[in-house]
Amino acid sequence: MSDAGTMTDRLGSVSSGTALELRGVSKFFGALAAIQDVTMTVAAGERRAVLGSNGAGKTTLFNCVTGDFLPTSGTIRLFGEDVTEFPAHERIRRGLRRTYQISLLFTGLSVRDNVYLACRGVSRNRFSLLRPRRSDALVARADELIEAVHLTRQRETLVGALSYGQQRQLEIALALAGAPRLILFDEPAAGLSPSERAELVEILTGLPGHMGYIIIEHDMDVALRVAERVTMMHNGRVFKEGTPAEIESDPEVQELYLGGGHG
Amino acid sequence: MQQFLSKHPVWSAVIAGLLAVFLWLVLAPWTPGMEAVLGRKRVFVNAVLSGITLGALYFLVASGFTLIFGLMRNVNLAHGSLYLLGGYIGYEVADRTGSWLLAFPVVFVCVAVLGMALQHFVFRRMEGEELRQTLVTIGLSVVLADIMLWIWGGRSYTILSPDWLSGPMTLPIEVGVDRAGDPLMMRFPKVRIYILLAAVVIGIGMWLALTRTRIGMIIRAGVDDRDMLAASGVRIQYVFLLVFAFGAGLAGIAGIVGGTFQSLSPGEDTRFLLASLVVVIVGGMGSIPGAALGAVIVGLAEQIGFVYMPTYSVVITFLILALVLAFRPQGLLGRRR
Amino acid sequence: MALAERPAARPAARPAARTVEPMWIERIPPAAWAVGFVLLIMPLIAGNFFLFQVFGWTFILGTIALSLMFLAGYGGMVSLIQMTVAGLGGYMVAILGTSGVGHISLGLPWFVYIPAAIAIAALFATAVGALAVRTEGIYTIMITLAIASAFFYFTRQNHEIFNGYNGFNLVVPPELFGINWRRPVPFYYLTLGVAVLSYLAVVYVARSPFGLALQGIRDNPRRMASLGFNVTAHRVLAYTFAGVIAAVGGILLTWQNAQISPGTAGIGPVIDILVIAVVGGIRRPIGPFIGALIYVLLRTFSPDVLLALGLPGERYQLLIGLGFLLVVYFSPDGVLGLWERWRARQARRRDPLRGGRA
Numbered sequence: 007m008s009d010a011g012t013m014t015d016r017l018g019s020v021s022s023g024t025a026l027e028l029r030g031v032s033k034f035f036g037a038l039a040a041i042q043d044v045t046m047t048v049a050a051g052e053r054r055a056v057l058g059s060n061g062a063g064k065t066t067l068f069n070c071v072t073g074d075f076l077p078t079s080g081t082i083r084l085f086g087e088d089v090t091e092f093p094a095h096e097r098i099r100r101g102l103r104r105t106y107q108i109s110l111l112f113t114g115l116s117v118r119d120n121v122y123l124a125c126r127g128v129s130r131n132r133f134s135l136l137r138p139r140r141s142d143a144l145v146a147r148a149d150e151l152i153e154a155v156h157l158t159r160q161r162e163t164l165v166g167a168l169s170y171g172q173q174r175q176l177e178i179a180l181a182l183a184g185a186p187r188l189i190l191f192d193e194p195a196a197g198l199s200p201s202e203r204a205e206l207v208e209i210l211t212g213l214p215g216h217m218g219y220i221i222i223e224h225d226m227d228v229a230l231r232v233a234e235r236v237t238m239m240h241n242g243r244v245f246k247e248g249t250p251a252e253i254e255s256d257p258e259v260q261e262l263y264l265g266g267g268h269g
Numbered sequence: 070m071q072q073f074l075s076k077h078p079v080w081s082a083v084i085a086g087l088l089a090v091f092l093w094l095v096l097a098p099w100t101p102g103m104e105a106v107l108g109r110k111r112v113f114v115n116a117v118l119s120g121i122t123l124g125a126l127y128f129l130v131a132s133g134f135t136l137i138f139g140l141m142r143n144v145n146l147a148h149g150s151l152y153l154l155g156g157y158i159g160y161e162v163a164d165r166t167g168s169w170l171l172a173f174p175v176v177f178v179c180v181a182v183l184g185m186a187l188q189h190f191v192f193r194r195m196e197g198e199e200l201r202q203t204l205v206t207i208g209l210s211v212v213l214a215d216i217m218l219w220i221w222g223g224r225s226y227t228i229l230s231p232d233w234l235s236g237p238m239t240l241p242i243e244v245g246v247d248r249a250g251d252p253l254m255m256r257f258p259k260v261r262i263y264i265l266l267a268a269v270v271i272g273i274g275m276w277l278a279l280t281r282t283r284i285g286m287i288i289r290a291g292v293d294d295r296d297m298l299a300a301s302g303v304r305i306q307y308v309f310l311l312v313f314a315f316g317a318g319l320a321g322i323a324g325i326v327g328g329t330f331q332s333l334s335p336g337e338d339t340r341f342l343l344a345s346l347v348v349v350i351v352g353g354m355g356s357i358p359g360a361a362l363g364a365v366i367v368g369l370a371e372q373i374g375f376v377y378m379p380t381y382s383v384v385i386t387f388l389i390l391a392l393v394l395a396f397r398p399q400g401l402l403g404r405r406r
Numbered sequence: 003m004a005l006a007e008r009p010a011a012r013p014a015a016r017p018a019a020r021t022v023e024p025m026w027i028e029r030i031p032p033a034a035w036a037v038g039f040v041l042l043i044m045p046l047i048a049g050n051f052f053l054f055q056v057f058g059w060t061f062i063l064g065t066i067a068l069s070l071m072f073l074a075g076y077g078g079m080v081s082l083i084q085m086t087v088a089g090l091g092g093y094m095v096a097i098l099g100t101s102g103v104g105h106i107s108l109g110l111p112w113f114v115y116i117p118a119a120i121a122i123a124a125l126f127a128t129a130v131g132a133l134a135v136r137t138e139g140i141y142t143i144m145i146t147l148a149i150a151s152a153f154f155y156f157t158r159q160n161h162e163i164f165n166g167y168n169g170f171n172l173v174v175p176p177e178l179f180g181i182n183w184r185r186p187v188p189f190y191y192l193t194l195g196v197a198v199l200s201y202l203a204v205v206y207v208a209r210s211p212f213g214l215a216l217q218g219i220r221d222n223p224r225r226m227a228s229l230g231f232n233v234t235a236h237r238v239l240a241y242t243f244a245g246v247i248a249a250v251g252g253i254l255l256t257w258q259n260a261q262i263s264p265g266t267a268g269i270g271p272v273i274d275i276l277v278i279a280v281v282g283g284i285r286r287p288i289g290p291f292i293g294a295l296i297y298v299l300l301r302t303f304s305p306d307v308l309l310a311l312g313l314p315g316e317r318y319q320l321l322i323g324l325g326f327l328l329v330v331y332f333s334p335d336g337v338l339g340l341w342e343r344w345r346a347r348q349a350r351r352r353d354p355l356r357g358g359r360a
């Protein structure tokens with residue numbers, strides 16, 4: 007695929023190994039510190055979970071990484087490149103993707119149109135005024151992605167008519183478009199039934215090895231099953247980092263997080 | 070302000086430097102060499118003072134516009150019509166009663182009531198539909214313009230200023246020397262200076278009301294985040310009525326002012342609407358100090374351009390607009406949304 | 003009794019159960035064929051006045067308003083710069099081609115000045131777009147209106163290029179294939195052709211990757227940015243595309259009047275284009291043409307109607323303003339919206355099985 011080709015070209019010129027590096031990132035809204043002095047490193051292909059109670063700063067962290075917000079201070083390096091000042095679409099072109107806590111989908115378009123748009127976004131002809139032929143490679147690619155998230159039967163349905171769980175699956179399909187190297191999943195399990203949750207875990211663990219991801223979750227269960235390393239946040243700061251086993255058995259975490267009646 | 074000084078030291082120095090040069094040009098006597106290059110000093114001072122007083126007029130109109138947009142997100146494109154209507158009504162009052170001052174309260178009340186009626190009966194039903202509200206204001210401006218044309222016709226009206234305001238006054242600015250070698254002082258129409266003072270008083274009054282009173286705090290909170298304000302239990306509709314009434318009334322009074330030192334005719338509504346637009350875009354939406362700053366800049370640019378580069382004065386205004394939009398789209402004192 | 007299917011315009015979407023997708027030609031509703039046929043043979047029915055003044059003007063204003071509809075309906079940007087772009091196109095034809103103002107017009111051949119005029123106007127539209135798209139949607143109206151007015155005042159004051167108050171007269175279409183394109187019948191077909199081409203172009207581009215992305219940006223700019231789309235670039239290019247359409251409309255307008263002056267793109271006409279687009283309906287490309295027809299009929303015949311009612315004939319602007327107010331108040335998506343709601347009600351009434359929801 008042509009997209010993978012350009013990606014490997016870029017990979018070659020960039021320091022391998024580190025997908026995301028945050029150094030001293032803070033975001034203040036007026037006097038309120040949403041996140042403060044966050045430093046973390048995510049390796050390429052790594053599966054990381056970011057946990058913490060409400061208000062811990064997880065979504066703000068994501069927004070800084072994707073470029074929705076400009077951090078007040080600190081640097082963000084994506085695959086070795088300093089992207090702190092880059093607009094969102096530039097970071098996407100470098101292999102970053104994101105899903106949203108509240109589905110941001112195009113409700114007036116079909117599932118296929120949504121995924122097609124996502125594929126277009128990272129392709130070369132997105133300014134094309136010419137309509138695609140039916141045999142367009144991107145349409146086939148969109149269908150593949152729809153298959154990967156188990157939505158093939160709802161391909162032509164308008165998104166507004168999908169169930170909540172199906173919309174969340176579509177969100178994941180959008181994030182898989184193109185050749186992502188790092189995906190940020192923002193509470194993908196929120197509001198899902200136990201069987202839908204199991205399906206989500208299946209989809210996530212089934213992703214190819216070179217695709218790393220960072221997942222924000224409230225549901226400790228899902229998070230600990232799909233992650234290799236866990237970062238705990240509290241009051242805008244990183245307060246613990248370790249493997250799922252370490253985190254689960256850590257007394258401070260238990261007191262602060264599990265003891266609070268969450269999850 | 071302190072934040073600006075600390076965050077942009079270079080720009081602050083540049084602005085301070087420009088202001089210093091400007092003040093020196095106005096206050097210091099000009100050498101014959103300077104006069105050869107820049108023209109007579111009196112012409113320059115006249116242009117500057119005209120620009121600032123024109124800015125005062127623009128401020129009166131634009132501040133109502135920016136408040137209404139800032140709080141209610143309503144781009145009131147009928148604002149120019151309210152200006153002209155106020156002017157015409159003021160003319161009638163002054164003409165029939167002979168009292169210039171009486172026109173002010175009468176016009177304020179009339180136009181404010183019209184504004185309240187519009188907000189209550191029309192705009193309230195389109196809460197949240199910004200585009201639709203704007204389209205309605207466009208329709209209103211067309212209808213009002215035609216009705217005013219019907220009643221007052223196409224001729225130009227000037228409101229006569231009262232005797233105690235007519236004539237020139239002497240200002241403590243030296244503009245040259247007379248034959249005896251004594252300094253000549255600037256003479257400028259009294260009415261314009263008084264209007265400038267009045268606009269400053271009104272502006273400071275508004276600023277104080279917004280920052281020191283409770284209702285002002287509510288309005289400022291609403292400009293920041295209207296939904297939060299409504300959710301916090303404030304009777305937001307009353308606040309809207311108040312702001313619309315005040316903004317409209319102010320535009321109407323500005324009409325009297327404009328009719329006094331300029332004139333009233335069809336087309337003035339468009340001209341002042343556009344001036345308000347430019348002032349508010351340059352100064353920043355929802356900001357009274359922004360409206361003041363924008364008004365002074367636009368007024369000065371217009372007058373200085375008119376005096377020194379008559380065919381291209383529009384270009385200067387447009388260049389300022391384009392520069393602001395390109396480099397600081399939220400306006401000079403506006404908040405980045 | 004089988005439900006008789008009224009040959010009315012249906013939306014193009016078909017249920018997914020069909021195994022064979024209909025060809026695009028089969029999807030054109032019968033009503034459209036009927037209208038198209040009538041339009042083609044119109045010169046046999048209507049007199050010269052109607053052809054030139056009513057239909058010609060309708061197609062021209064409809065085309066310019068179509069450019070606004072493209073930006074507003076598909077892009078979510080209500081731009082008041084379209085009439086100005088049209089005016090600039092007209093001015094460029096006068097300045098680069100031939101006119102009665104010999105000391106300014108350059109007299110270049112038609113195959114140079116027509117494309118050049120369109121290109122210059124489109125470039126201007128792009129520049130305005132670049133300034134207007136970086137702020138929130140509601141600012142677009144203000145900014146474009148301010149720039150449009152600056153253009154008006156500038157053309158009025160500038161004598162070296164735009165000839166000030168007087169503008170340019172004797173600006174006529176070039177005589178191609180030996181036809182005087184300003185005679186009623188050829189002009190009718192010329193404007194009809196341009197209107198149809200513009201309409202088809204907009205319909206086609208709306209479902210191209212560019213058009214789909216633009217609609218996505220209208221609905222959810224943040225999401226589109228996170229999918230990798232350069233939102234600003236897309237919006238600016240939309241202005242360019244709309245600018246081309248508006249420029250062509252402006253050239254035709256200039257030819258129709260055989261002159262162009264500052265007032266052609268004055269604030270009144272600028273607002274009128276918005277009125278036309280909104281009254282017709284900014285959601286579908288046919289809307290602006292419906293709005294243009296209503297506007298032209300009002301402008302042409304309301305003085306007579308007003309006089310018949312005993313009111314002064316010059317108050318047509320009041321009528322238009324009131325009409326616009328009523329439409330915006332009661333049916334913000336214009337005449338098209340009224341039509342769609344009426345049809346939905348008809349459909350509900352006819353099918354007792356479907357209950358209250360359309």
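Protein sequence lines, in the order shown, are assigned to chains A, B and C. Each step along the first sequence adds one to the number in the numbering used here, with nothing skipped, and position 182 is 188. Each step along the second sequence adds one to the number in the numbering used here, with nothing skipped, and position 97 is 166. Each step along the third sequence adds one to the number in the numbering used here, with nothing skipped, and position 13 is 15. We treat Cβ as the ideally placed atom computed from N, Cα and C, and that holds for glycine.
Along the chain, where does the beta strand (DSSP E) containing residue i start, and where does it finish?
i, result
"Thr339/B", "Thr339/B -> not in any beta strand (DSSP E); alpha helix (DSSP H) instead, spanning 337-352."
"Ser32/A", "24-35"
"Val48/A", "38-49"
"His189/B", "That residue, His189/B, is in no beta strand (DSSP E); its alpha helix (DSSP H) goes 169-190."
How many Å lie between residue i and residue j at the Cα?
i, j, result
"Glu342/C", "Gly289/C", "12 Å"
"Thr361/C", "Ile97/C", "Because chain C spans 3 through 360 in this model, residue 361/C falls outside it and cannot be assessed."
"Ala361/B", "Val117/B", "16 Å"
"Leu139/B", "Met354/B", "Sequence inspection shows Gly at residue 139/B; the Leu mentioned does not correspond to that position. Near 6 Å, if we compare the C-alpha coordinates of Met354/B and Gly139/B."
"Lys33/A", "Gly61/A", "13 Å"
"Thr166/B", "Gly363/B", "36 Å"
Which residues in the same chain as residue i place their Cβ atom closer than 8 Å to its Cβ, once the five residues preceding and following it in sequence are excluded?
i, result
"Ala260/C", "Asn171, Leu172, Val173, Val174, Arg184"
"Thr386/B", "Val347, Val367, Ala370, Glu371, Gly374"
"Ile84/B", "none"
"Ile305/B", "Gly291, Arg295, Leu298, Ala299"
Measure the Cβ-Cβ separation of residue i and residue j and say whether it is below 8 Å.
i, j, result
"Phe72/C", "Val204/C", "yes"
"Leu136/B", "Gly324/B", "no"
"Tyr219/A", "Arg83/A", "no"
"Gly252/C", "Ala88/C", "yes"
"Tyr190/C", "Phe57/C", "yes"
"Arg294/C", "Gly282/C", "The sequence given here has Ala at residue 294/C, not Arg. Contact: yes."
"Gly400/B", "Val351/B", "yes"
Within the same chain, show all residues whose beta-carbon is closer than 7 Å to that of residue i, passing over the 5 residues directly before and after it, in chain order.
i, result
"Leu96/B", "Ile242"
"Leu342/B", "Leu146, His148, Gly149"
"Thr128/C", "Val238, Tyr241, Thr242, Gly245"
Return the first residue and the last residue of the alpha helix (DSSP H) that residue i is part of.
i, result
"Pro200/A", "200-211"
"His148/B", "148-166"
"Ala267/B", "259-281"
Residues in its own chain within less than 6 Å of residue i by CB, not counting five upstream and five downstream?
i, result
"Leu90/C", "Ala123, Phe126"
Chain-ordered residues of the stretch 154-180 of chain C with a beta carbon less than 8 Å from chain B: Within the stretch 154-180 of chain C, the residues whose Cβ lies closer than 8 Å to any Cβ of chain B are, in chain order, Tyr155, Phe156, Gln159, Asn160, His161.
Going along the chain, which residues of the stretch 50-73 of chain A sit with their C-beta nearer than 7 Å to a C-beta in chain C? If the cut-off is 7 Å between Cβ atoms, the stretch 50-73 of chain A has Thr72 near chain C.
When you check each C-beta in the stretch 328-348 of chain C against every C-beta of chain B, which residues fall closer than 8 Å? Those residues of the stretch 328-348 of chain C placed with their C-beta closer than 8 Å to a C-beta in chain B are Val330, Tyr331, Pro334, ordered along the chain.
Proximal residues, the stretch 204-225 of chain C versus chain A, C-beta separation under 9 Å: Those residues of the stretch 204-225 of chain C that come within reach of chain A (Cβ to Cβ, closer than 9 Å) are Tyr206, Val207, Arg209, Ser210, Pro211, Phe212, Gly213, Leu214, Ala215, Gln217, Gly218, Asp221, Asn222, Arg224, Arg225.
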